[in-house]
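Working notes for the structure below.
Residue numbers (this note's numbering): 254 to 537.
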């Protein structure tokens, strides 16, 4: 796939962290995975520093993509539901884009577990713990890198707990103070709810009463509305995003960037949104 990039403004600076549910060629190609692949490349070619994280779902062929473990980032344990779970970080590259992608892995939750849905398309029961582990794991890995992003752009329902952990980590040491957030909404709705024990697991991880109200009876719409509530900007990443979510974002006065099928123009507008949200901080 070839995209003509229109570099119509000067080389920019700043650090952007992408936390994506899917990225092609590691994932099936669709609106979300194409955005996850080409938007970081565009941003990097503007002169910004980037990092890209995604889950290491077991459908990803590690040998084909030549993934290898990043020893200096792996090894820490994350507590989910009062149990220790080892965080493993692997990395692969997209040579044509000079792009590295970091993968969040854990034997129980990812590489040896399977898909997020059963054969009927219903959410599997331990997805609550998986999204908790992924959201926190990506942020903890970045903190271990000592790489402070000006902005975090997250996409896909599987990244929906990123805002929760962003605030939780800041309570501990303010590493992400000043970091702005952008959420991409895509056409990735699912049936069913997360396990009823989700509230208990969040409370054990420092959830406030406000958090618990937002994440109550957690299904797709509730999860995405909570993410919208805590995001600074919203990108409509597909022409078939649920209109109720778009309306919710506008009612909550978020910066909303409409979908644009012309990719180079779309990516340029997204980077302008970054600048609007971060101001002069993005030029450091």
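Just so you know, even glycine gets a beta-carbon here, dropped at the ideal spot from N, CA and C.
What does residue i pair with, by DSSP beta-bridge criteria?
| i | result |
| --- | --- |
| residue 215 | Within the shown structure, residues of the chain are numbered from 254 to 537, placing residue 215 beyond reach of any answer. |
| residue 472 | 446 |
| residue 305 | 271 |
| residue 370 | 376 |
| residue 337 | 332 |
Who are the Cβ neighbours of residue i in its own chain at under 8 Å, not counting the five residues just before and after it?
| i | result |
| --- | --- |
| residue 534 | 267, 403 and 431 |
| residue 507 | 481, 484, 485, 486 and 487 |
| residue 434 | 404, 405, 406, 407, 415, 416, 419, 483, 484, 485 and 486 |
| residue 501 | 478 and 481 |
Leaving aside the five residues before and after residue i along the sequence, list all residues of the same chain whose C-beta is less than 6 Å from its C-beta, in chain order.
| i | result |
| --- | --- |
| residue 297 | 303 |
| residue 271 | 293, 305 and 406 |
| residue 520 | 292 and 295 |
| residue 340 | 329, 331 and 390 |
Just mark residue i as buried or exposed, buried being the case when its beta carbon has 16 or more other beta carbons within 10 Å.
| i | result |
| --- | --- |
| residue 301 | buried |
| residue 307 | buried |
| residue 280 | buried |
| residue 319 | exposed |
| residue 503 | exposed |
| residue 314 | exposed |
| residue 406 | buried |
| residue 444 | exposed |
| residue 389 | buried |
| residue 531 | buried |
| residue 358 | buried |
| residue 393 | buried |
| residue 518 | exposed |
| residue 380 | buried |
| residue 269 | buried |
| residue 424 | exposed |
| residue 312 | exposed |
Residue range of the alpha helix (DSSP H) that residue i falls in?
| i | result |
| --- | --- |
| residue 395 | 380-398 |
| residue 451 | 451-457 |
| residue 298 | 284-298 |
| residue 467 | 462-467 |
| residue 415 | 415-426 |
Could you spell out where the beta strand (DSSP E) holding residue i opens and where it closes?
| i | result |
| --- | --- |
| residue 504 | That residue, residue 504, is in no beta strand (DSSP E); its alpha helix (DSSP H) goes 496-504. |
| residue 354 | 352-358 |
| residue 435 | 433-438 |
| residue 524 | Run containing residue 524: none in the beta strand (DSSP E); it sits in the alpha helix (DSSP H), 516-531. |
| residue 404 | 404-408 |
| residue 331 | 330-333 |
| residue 376 | Taken as a continuous stretch (DSSP letters only), residue 376 belongs to no beta strand (DSSP E), as it is neither H nor E. |
| residue 487 | 486-489 |
| residue 510 | 508-510 |
Quick one: residues in its chain with C-beta nearer than 7 Å to the C-beta of residue i, no 5 flanking neighbours on either side, listed in chain order?
| i | result |
| --- | --- |
| residue 409 | 273, 274, 275, 285, 439 and 441 |
| residue 471 | 446, 447 and 451 |
| residue 384 | 411, 413 and 414 |
| residue 377 | 369, 370 and 371 |
| residue 333 | 382, 385, 386 and 454 |
| residue 494 | 438, 439 and 440 |
Is the Cβ of residue i closer than 8 Å to any Cβ of chain C?
| i | result |
| --- | --- |
| residue 266 | The structure shown contains no chain C, having only a single protein chain. |
State whether the segment 460-480 contacts the segment 414-423, with contact taken as three or more CB pairs (one from each stretch) at a distance under 8 Å. Verdict: yes, contact present.
Does the structure place the segment 512-531 close enough to the segment 456-470 that three or more beta carbon pairs sit under 8 Å? Judged by Cβ distances under 8 Å, the segment 456-470 makes no contact with the segment 512-531, as fewer than three pairs qualify.
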